[in-house]
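J.:
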Amino acid sequence: MYDILELNKKLLPELKDIAKDMNIKKIENLRKQELIYRILDQQAINAASESKVKLKEKKEETQPQQIIEVQPKIEHALDRGKRKRFTRPKEGSREFFNDSQKPRIEIPKEAPKEVPKDIPFEDPLTPKVENRPFQINRPKPQIKKQLSVPLLDADLGADIPEIESMIEQIVENTDGFETSTTPVLEADSIQSTIPTEQVGKEDFQQNQPETTIDGERKPAFRDQNFRKGFERRTGDRFDFDGIVSTTGVLEIMPDGYGFLRSSDYNYLSSPDDVYVSQSQIKLFGLKTGDTVTGTIRPPKDGEKYFPLIKVNEINGRNPEWIRDRVPFDFLTPLFPNEKFTLLGSGQNILSARVIDMFTPIGKGQRGLIVAQPKTGKTILLKDIANSIAANHPEVYMIVLLIDERPEEVTDMARSVNAEVISSTFDEPAERHVRIANIVLEKAKRLVECGHDVVILLDSITRLARAFNTVQPASGKVLSGGVDANALHKPKRFFGAARNIENGGSLTILATALTDTGSKMDEVIFEEFKGTGNMELQLDRKLSNKRIFPAVDITASSTRRDDLLIDKETLQKIWILRNYLTDMNSVEAMEFFRDRLIRTQNNEEFLLSMNSDY
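Counting in my numbering, the sequence shown runs from 466 upward without gaps.
1) From THR1046 to THR1019, what distance separates their C-alpha atoms?
2) Here's the rule: buried if 16 or more other CB atoms are within 10 angstroms of the residue's CB, otherwise exposed. What is GLU479?
3) Go ahead and pull the three-state DSSP assignment for PRO581.
4) Taking its Cβ as the centre, do 16 or more other Cβ atoms sit within 10 Å of LYS752, making it buried, or is it exposed?
5) For ALA855, which residues from the same chain have a beta carbon less than 6 Å from its beta carbon, with the 5 sequence-adjacent residues on both sides left out?
6) When we look at the beta-carbon of VAL898 and count the other beta-carbons within 10 Å, is it buried (16 or more) or exposed?
7) Please classify GLN1002: is it buried, with 16 or more other beta-carbons within 10 angstroms of its beta-carbon, or exposed?
8) Report the residue ranges of all beta strand (DSSP E) runs contained in full by the region 978-1059; include only those spanning at least 3 residues, in chain order.
9) Please state whether DSSP places LEU477 in a helix, a strand or coil.
10) May I ask you to report which of helix, strand or coil DSSP gives ILE920?
11) Just how far apart, CA to CA, sit GLU428 and LYS747?
12) Are the CB atoms of ILE903 and GLU716 nearer to each other than 8 Å?
13) Can you check DSSP and say which residues form a bridge with ASP948?
14) Under the DSSP definition of a beta bridge, which residues are partnered with ARG963?
15) Helix, strand or coil, according to DSSP, for LEU733 in the structure here?
16) Ignore the nearest five residues each way along the sequence and tell me which others in VAL918's own chain have a CB closer than 8 Å to its CB.
17) Between ALA850 and LEU921, which are expected to be in contact by the criterion C-beta below 8 Å, what is the C-beta distance as a whole number of angstroms?
18) Can you list, in chain order, the residues of its chain whose CB lies under 6 Å from that of ARG790, leaving out five sequence neighbours each side?
19) Are PRO772 and ARG762 close, meaning C-beta to C-beta below 8 Å?
20) Counting Cβ pairs, one atom from each stretch, are 3 or more of them under 8 Å apart for the region 794-805 and the region 1029-1037?
21) Jot down the residue ranges of each uninterrupted beta strand (DSSP E) in the region 790-860, minimum 3 residues, whole runs only, in chain order.
22) LEU833 to VAL709, Cα distance in whole Å?
23) With a CB to CB cut of under 7 Å and the five nearest residues on each side skipped, what residues in its chain are close to SER1073?
24) Which residues in the same chain as PRO955 place their Cβ atom closer than 7 Å to its Cβ, once the five residues preceding and following it in sequence are excluded?
25) Identify the residues that DSSP records as bridge partners of THR711: which are they?
26) Rounded to a whole number of angstroms, what is the C-alpha to C-alpha distance between ASP720 and ASP923?
27) Between ALA894 and the rest of its own chain, which residues show a CB-CB distance below 6 Å, the 5 nearest in sequence each way excluded?
28) My assumption, with CB atoms under 8 Å, is that ALA878 sits in contact with SER852. Please give the rounded CB distance.
29) Hey, out of ARG726, MET466, GLN837, whose CA is closest to GLY982's CA?
30) Apart from the five residues on each side of it in sequence, which residues of its chain come closer than 6 Å, Cβ to Cβ, to LYS497?
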């Protein structure tokens, strides 16, 4: 038998050994205090079951019954409705039992009108047993009842347990009599040899509320510590640790800990956030923007978030590989030397063929789509996204929509096989900036791990407006109301596009608005005009005549396109450009569009140039 003090002194492995000996299950994940309560509970259950077995065996081992007489000394109580008293002779006296007389208990006729309910039987070891009234069922005349008591051995001192059972039987047999006076034994002279733990145990358990756990009857706790521990555990919980896995983008707080943000909520605060501790961030060398895949557990008492308990992958790589990665700022940028295939796989649409020939896109391209309002720039972005997704499944593509209409967001999400992150025009500028920053950090972390990433931004002009709104006033304002320091962060976003030597690449295709009538938009466009290495210009004249794609062929080009196109094809494109230069944008596009429709692909068109020109 262990008590709580002894168990607190033991170590956790010793407690687990004790629990295994007692056949306690599910102890691997228990804390020390919980395991102690489990051991004490099981110990109480075992003790209760053993005592019941012993009492049952004693009742079965009864000898043949003999009618004997119980002649106690009866004290007449006052006529107040109280019960009669009688005293027991001293231990060892044979006067207590006399075989020549019959056991009789006379019950007086008087009975009060109202009698209190049952009162539990008191411990026989107390100096005096108090009066015990019990429930009245129906009126009966004076009853003389014979009691059968097991024949006792010669040694009275060894049969005290039998005497106690006889007393209980007397009390039980008198239940149901209409009477207010019942003999009450005086236990002054009884020196019981019954262990203290067993005295009155049945009556104690009968008067205590039963506690049921998993359908089994448990003894009520006598110790307050046991009761507190039991109230804290209503049953064996199922272990949910490590069952549910999650994936999110890490955002590190200023205090050092972080949260895994969900893409379902555009990487903003949400109920799906998973808490990442500061020790885990230091252990794996995590940064803001890392895409972490791991297992979680439910929050315990006092916890608000689901905590991350195991890290399986970081940016699609083994966590051990991540520790040795080179930061993005120290990677070597190169010109794009691997071209994106926009044709094939059922994507031989006219706009993709025009872009593939005159403004090829390579991995690591920093492209700017210059467009006036209502020229089809959003449709063009959608065609580019579908072409890249169909021909390059290894590329991770993100469509970032800033300050756009909600219906365009829905249309883009349903028609493009890519991750669509949006912040519509009814959201504050702080939300635009926050989403753009977390998307950029995610792309950088993927590039550090050797992945090819494509970001389609619509539009960089509205993103620059948002940065200008949240930028604290520096006192230097450019024309159009643009703060002098406001364009640094959007430039950093656009300038992150690069082709990494012996690594991944980050491609950014952003749209820039012109001819909107806003001086601010003109200033923003002038700041970004020379930063890109690919420029695709759309003409409003073409869109007004419903000629799509509305591409100004002569004004659109890619820097160092010789790294993306073979020499023979490049020479034919130069010849075609020289021929189209003498035309304006509308004539050039109509001429080129008519020739493209007649052929199945660009290779067939280039072969047909020998006969046409």
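Backbone N, C-alpha and C define an ideal beta-carbon position, used for all residues, glycine too.
T.: The relevant details are as follows:
1) 6 Å
2) exposed
3) Confidence at PRO581 is low in this model, with a pLDDT of 49, below 50, so the placement of that residue should be treated as unreliable; the coordinate-derived value is given next. PRO581: coil per DSSP, three-state reduction.
4) buried
5) SER810, GLN812
6) buried
7) buried
8) 999-1002
9) helix
10) strand
11) It is not possible to answer for residue 428, since the shown part of the chain is limited to 466 through 1078.
12) yes
13) VAL942
14) LEU971
15) coil
16) VAL860, TYR861, MET862, ILE863, ALA908, LEU911, VAL912, GLY969, SER970, LEU971, THR972
17) 6 Å
18) GLU913
19) yes
20) yes
21) 831-836
22) 42 Å
23) THR1064
24) ILE925, LEU928, ALA929, PHE932
25) GLY759
26) 33 Å
27) ALA931, THR934, VAL935
28) Between SER852 and ALA878 the Cβ distance is about 18 Å, and since that is not below 8 Å, they are no contact.
29) GLN837
30) LEU477
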